[in-house]
Each structure stands twice: as structure tokens, then as C-alpha cells.
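All remarks here apply to the structure that follows.
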Ligand SMILES: [Zn+2]
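Residue numbers (this note's numbering): 201 to 485.
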């Protein structure tokens, strides 16, 4: 996928507002110039600093960026499609998705928020029992860019514990809230004995209420034939701000596309499938 700028570059859910300044800051790049005995042209200093800040920002938020470690962001074949859902579980929406997936023999990956998993352990169990994969989306939907190493560790661990308390196996895959990564995250993923970080190749701006037709039109860009790899699509079954978020447009749009994708011969895969995880270091376009 192309680097910035791209219409696919975006934020999952609402933009973060909290600015817990705990060390690394993608916005740091402004140089204070001190010069003894004269006026110094600041631009030779400011421009590299600005470029460095730009690269760091791209590394933190670009779905295809691997500056801060490898990520999974597409499937290995255009015949496979990985549907992923963030910000659940959501008792208002997730059960409807599970029924829809059963109808079309589709499997998906759900990146759960730990505090919601603790509130709905039965639903967590149900997602897993019906053949879907559970992933870690932190405990509180924290913006990890501004978290300390200890903060990242706690966010990952508490979500792992919440999912494990509802079922037996803690998640192996993680998606950072808003897609934001920091230089510390990759090491903490490995320390937590998790497999890796999952980004996406297709984002559909589905986190706000909207007519289903709008999302149906955006999803038409997913799973197009003739490309060297398949899409990882990010959607939302929950709202990170509260349980019960309205995502009926997501259910309706998938009700439209699932039979069409199935009839087109697409295979629905979860992130732990070799068809996905082997693609992590595949040549990219
Ligand atoms: Zn999220």
C-alpha cells in the first residue's frame, strides 16, 4: 500500500484527545536555535527536524509503515479476505454479526477492548465458540503513542487477562487503538508472548452513524480481483466510548456483501490463518 498521503490512512474511531506526555512525542521536531556571536539561519536545522518528525509520525500512524516493527496488513492472495472488527464486544451488535457469519460460513477476527470483555464474558466466549478469532485492542482503548513502557505493558496485560478470564486462550494478535504505534510497542508485544501487530489494507470510516448504503459503497472497493494480495478490512462492532454503540449500518452492509463475496469465491480467513500471517513480510505494492 502507498505511503502517506493516502485515502486509506486514517484513524480507527474517534481521534484521541488525551495527551499523556510520557516521553516519546511524534510532534517533537521544533529546534530552539542558540548561536554565539551572530544570527544563525535556522532552516538547515528545522528542516531535518521537521523531516524526522514527519517520518516518526508516519511510522506511528501509517498502516503500511514498519518503522517501529513489522505488522500484518494484508492477506497473501486476492482470493482471501480477512474481516476484522474493533471496539467490541458489543451486546447490541456482535450477536447479530455472529448470526450473519453463521449464515454464510464466514469467520472473522474480533479485536476486543479489555474492559468490555470483562463486562460481557459470555459474549466473548460465544465469539470464540462460533469459530472466530479474538484479538487484543488494549484494556481501555488507550492511545499508545503517549503511553510509557509500563503503561503499554499494563494495557496489553489487562486485556489479555480479561479475555482469558472469559475463555482459556489469551489473544495472540493485537491491533493498536487508532492504529497508533510507538517505538515501544513491538518489544512489548514480543514480551507478552504475542504473535504480532495487525493493521489493515482497507478502512471504511464506519465508526460514525451513517446510512448502510454509504458503507456498502465503500466496501465495494474491498476484495477486488486482480491484485497480488487480499484485503484486511477494518470495521467496528463496538464504540470504544461505551457499550451498546450503534453499528446497525455495519450489520446491514455485511448482509449485503457477504453473499456476494461468497458467490465470487472468496475465502474468509482469520488473522491466525497462514494465508494472512505469512503475508507479513510479503512484497508490498
Ligand atoms: Zn478501536
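Think of the CB as a built atom: it goes at the ideal place given N, C-alpha and C, for glycine as much as any other residue.
Ligand 1 heavy atoms versus the CB of residue i: any closer than 6 angstroms?
i: residue 371; result: no
i: residue 456; result: no
i: residue 439; result: no
i: residue 446; result: no
i: residue 376; result: no
From the DSSP output, in three-state form, read off residue i for me.
i: residue 448; result: helix
i: residue 223; result: Since pLDDT at residue 223 reaches only 29, below the 50 mark, its modelled position is unreliable, and no value is offered.
i: residue 465; result: coil
i: residue 389; result: helix
i: residue 439; result: strand
i: residue 402; result: strand
i: residue 293; result: coil
i: residue 373; result: strand
i: residue 274; result: strand
i: residue 341; result: coil
i: residue 457; result: helix
i: residue 269; result: coil
i: residue 378; result: helix
i: residue 315; result: helix
i: residue 384; result: coil
Which residues bound the alpha helix (DSSP H) around residue i?
i: residue 324; result: 321-329
i: residue 486; result: The structure shown does not extend to residue 486, since the chain spans only 201 to 485, so no value can be given for it.
i: residue 432; result: That residue, residue 432, is in no alpha helix (DSSP H); its beta strand (DSSP E) goes 430-436.
i: residue 419; result: 412-419
i: residue 305; result: Looking at the DSSP string, residue 305 is not in any alpha helix (DSSP H), and its letter there is neither H nor E.
i: residue 477; result: 474-477
How far does the beta strand (DSSP E) with residue i in it reach, from first residue to last?
i: residue 397; result: 396-398
i: residue 335; result: 333-336
i: residue 282; result: 280-288
i: residue 312; result: 309-312
Please classify residue i: is it buried, with 16 or more other beta-carbons within 10 angstroms of its beta-carbon, or exposed?
i: residue 405; result: exposed
i: residue 393; result: exposed
i: residue 314; result: buried
i: residue 446; result: exposed
i: residue 464; result: exposed
i: residue 273; result: buried
i: residue 303; result: exposed
i: residue 436; result: buried
i: residue 426; result: exposed
i: residue 305; result: exposed
i: residue 289; result: buried
i: residue 355; result: buried
i: residue 448; result: exposed
i: residue 322; result: exposed
i: residue 157; result: Since the first residue shown for the chain is 201 and the last is 485, residue 157 is missing from the structure and cannot be characterised.
i: residue 475; result: buried
Is residue i near ligand 3, going by C-beta to nearest heavy atom under 6 angstroms?
i: residue 287; result: Absent from the structure shown: ligand 3. Ligands present: ligand 1.
Of all the CB atoms in chain B, is at least one closer than 7 angstroms to the CB of residue i?
i: residue 456; result: Among the protein chains of the structure shown there is no chain B, as only one such chain exists.
**Asked** How do the segment 444-461 and the segment 321-337 stand: do at least 3 beta-carbon pairs fall below 8 angstroms, yes or no?
**Response** no
**Prompt:** On the three-pair Cβ rule with 8 angstroms, is the segment 440-447 touching the segment 459-469?
**Reply:** Flag = no, the segment 440-447 and the segment 459-469 do not touch.
**Request:** Kindly confirm or deny that the segment 410-429 and the segment 379-396 touch, where touching means at least three C-beta pairs closer than 8 angstroms.
**Result:** Contact between the segment 410-429 and the segment 379-396 is absent, because fewer than three Cβ pairs lie under 8 angstroms.
**Item:** Touching by the beta-carbon criterion (3+ pairs, under 8 angstroms), the segment 463-473 and the segment 281-288
**Value:** yes
**Asked** How about the segment 425-435 and the segment 398-412: do they share at least three Cβ pairs that are nearer than 8 angstroms?
**Response** The answer is yes - the segment 398-412 touches the segment 425-435, with three or more Cβ pairs under 8 angstroms.
**Prompt:** Should the segment 364-381 be regarded as contacting the segment 331-345, the criterion being three or more beta carbon pairs within less than 8 angstroms?
**Reply:** yes
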